[in-house]
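1 is the number of the first residue of the sequence shown in full-length UniProt numbering; add one for each residue after it. Cβ coordinates follow ideal geometry from the N, Cα and C atoms, glycine included.
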Amino acid sequence: MATAQTNGAASAKRKPVFVKVEALKPGTGGHTLTAKVISAKSVLHKGSGAGPRATKISECLIGDETGVILFTARNEQVDLMKPDTTVIIRNAKIDMFKGSMRLAVDKWGRIEVTEPASFTVKEENNLSLVEYELVNVVEK
């Protein structure tokens, strides 16, 4: 029986699997993707300065060559999500807001600014404009 100590591969970090925006689905998480920030709009700014009570929320339209989606940036994430910036988003999840998808990163995820991407964003495929209806499935 191999243990993690004798098998070096088991303790190595897994390489992230990058997904495209068009592959995102409701109720999923653990997504890693590279995207360009198209726009950022502040939707909430509570509290004063940068104290522990200050809350900043910004809705950012981000995308890649397959489509775009709204990303909900919170607090220090807002400063990273500037228009025309290319970011790598790690361990993101899909939140549902009023029946449409939003991408978000909680404390388990990470956003990092990276080299400008060479792709052209496909803005006509906006996944956040698709409305989903909650359907309760009854098992028989």
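Best match in the options for proximity to residue i [C-alpha to C-alpha]
i           : options          : result
residue 105 : 137, 43, 76, 125 : 76
residue 14  : 58, 90, 84       : 90
residue 29  : 103, 97, 55      : 103
Beta-carbon proximity check, residue i vs residue j, cutoff 8 Å
i           : j           : result
residue 132 : residue 16  : no
residue 125 : residue 43  : no
residue 24  : residue 39  : no
residue 80  : residue 113 : yes
residue 22  : residue 72  : no
residue 87  : residue 111 : yes
residue 54  : residue 41  : no
Straight-line Cα distance separating residue j from residue i
i           : j           : result
residue 134 : residue 95  : 13 Å
residue 121 : residue 140 : 45 Å
residue 2   : residue 31  : Note on residue 2: pLDDT 46, under 50, position unreliable in the model; the coordinate value appears next. Straight-line Cα distance between these residues: approximately 30 Å.
residue 107 : residue 78  : 14 Å
residue 20  : residue 127 : 12 Å
residue 82  : residue 130 : 24 Å
residue 93  : residue 34  : 14 Å
residue 123 : residue 63  : 7 Å
residue 99  : residue 74  : 20 Å
residue 117 : residue 58  : 22 Å
residue 84  : residue 37  : 5 Å
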